[in-house]
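2 protein chains.
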Amino acid sequence: MSKPLDKETLNGWLQAQNGWAKEGNTIAKEYKFPTFRAAIVFLNRVAGLADDMNHHPDIDIRFDKVKLRLSSHDAGGVTERDLKLARAVDHSSSAG
Amino acid sequence: MSKPLDKETLNGWLQAQNGWAKEGNTIAKEYKFPTFRAAIVFLNRVAGLADDMNHHPDIDIRFDKVKLRLSSHDAGGVTERDLKLARAVDHSSSAG
Numbered sequence: 014m015s016k017p018l019d020k021e022t023l024n025g026w027l028q029a030q031n032g033w034a035k036e037g038n039t040i041a042k043e044y045k046f047p048t049f050r051a052a053i054v055f056l057n058r059v060a061g062l063a064d065d066m067n068h069h070p071d072i073d074i075r076f077d078k079v080k081l082r083l084s085s086h087d088a089g090g091v092t093e094r095d096l097k098l099a100r101a102v103d104h105s106s107s108a109g
Numbered sequence: 014m015s016k017p018l019d020k021e022t023l024n025g026w027l028q029a030q031n032g033w034a035k036e037g038n039t040i041a042k043e044y045k046f047p048t049f050r051a052a053i054v055f056l057n058r059v060a061g062l063a064d065d066m067n068h069h070p071d072i073d074i075r076f077d078k079v080k081l082r083l084s085s086h087d088a089g090g091v092t093e094r095d096l097k098l099a100r101a102v103d104h105s106s107s108a109g
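Set out below in structure tokens:
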């Protein structure tokens, strides 16, 4: 469960996604919103998902932009858990 | 109003505060909480204050830690507006 994904699997996943990219030991994506307030609403949705999965991304807020970085520290890299949270965020984001 | 503070004024202010320090063109402080959830509650309080003042800090969330960086981009440095928001955050933080 907590083994880092092999390069091929991760690259395949990244190619199929919108906006996620490898950044060091993490996968990262920046989301842009019309307002600071909208960015904070998104952030609270991410926080809820993170708590549900007990898996917490690094989050940087720059006014109307929110950047997420996901990795599994215990595994020392990106695992299936990270992809699961990434998918959940994107699903909630397009749904909301 | 939007002139950067002179070095002496800023240093005097920093010495009188708990945890704020100069970081490049900004003043920065890291807050630590018992849980991720508590960090997010704090973040929402900061967001409310930022919207009230129409002045938005850079915010980095690392699980149970929240780092704020304040500067007045239009003035190219730290102004009275930044100190005002910093004080408001610390006041709300100790009050909450």
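Chains as they are written, first to last, in the numbering used here: chain A, 14 to 109; chain B, 14 to 109.
For each residue, glycine too, the CB sits at the ideal point set by N, CA and C.
Just so you know, these numbers come straight off a predicted model, no measurement behind them.
Secondary structure of R23 of chain B, DSSP reduced to three states: As a first step, residue 23 of chain B is located in the second sequence; it is residue number 10 there, counting from the start. The residue you asked about is not Arg; residue 23 of chain B is Leu in the sequence shown. Under the three-state reduction of DSSP output, L23 of chain B falls in the helix class.
Pick from A:L23, A:R75, A:A63, A:D71 that is closest to P47 of chain A, judged by C-alpha positions: As a position in the first sequence, residue 47 of chain A is number 34, starting the count at 1. Closest option to P47 of chain A, Cα to Cα, is A:R75.
is_contact[R94 of chain A, chain B] using C-beta, thresh 8 Å: As a working note, residue 94 of chain A is residue 81 in the first sequence. Closer than 8 Å to the CB of R94 of chain A there is not a single CB belonging to chain B.
Nearest-angstrom Cβ-Cβ length linking R9 of chain A and T39 of chain A, presumed shorter than 8 Å: With chain A running from 14 to 109 in the structure shown, residue 9 of chain A is simply not present.
Where the beta strand (DSSP E) through V79 of chain A begins and ends: Looking up residue 79 of chain A in the first sequence gives position 66. 78 to 83 is the span of the beta strand (DSSP E), which, as asked, contains V79 of chain A.
Closest Cα partner of K35 of chain B within the set B:D103, B:G90, B:A52: Within the second sequence, residue 35 of chain B is the residue found at index 22, counting from 1. Comparing Cα positions, the closest option is B:G90.
C-beta neighbour in chain A for K35 of chain B, strict 8 Å: What you label residue 35 of chain B is simply residue 22 of the second sequence in a count that begins at 1. For K35 of chain B, the answer is no, since every Cβ of chain A falls outside 8 Å of its Cβ.
Which listed residue (A:M66, A:A88, A:D73, A:A63) has its alpha carbon closest to that of H69 of chain B: As a first step, residue 69 of chain B must be located in the second sequence, where it is residue number 56. Among A:M66, A:A88, A:D73, A:A63, the Cα nearest to that of H69 of chain B is on A:D73.
Sequence ranges, alpha helix (DSSP H) only - wholly within the region 30 to 98 of chain A, length at least 4: 49 to 66
Sequence-distant residues of its chain with Cβ nearer than 8 Å to K78 of chain A (five each side left out): As a position in the first sequence, residue 78 of chain A is number 65, starting the count at 1. If we look at K78 of chain A and ignore the five residues flanking it on each side, its Cβ neighbours are E43, Y44, K45, F46, A52.
Burial state of A60 of chain B (16 or more Cβ within 10 Å): As a first step, residue 60 of chain B must be located in the second sequence, where it is residue number 47. Its Cβ being crowded by 16 or more others within 10 Å, A60 of chain B is buried.
Beta-carbon neighbours of D71 of chain A, restricted to chain B and to distances below 9 Å: Taking the first residue of the first sequence as position 1, residue 71 of chain A is located at position 58. Residues of chain B passing the Cβ test: D73, I74, R75, F76.
Interface residues of chain A facing F49 of chain B [CB-CB closer than 8 Å]: One-based indexing of the second sequence puts residue 49 of chain B at position 36. Those are A60, A63, D64, H69, listed as they occur along chain A.
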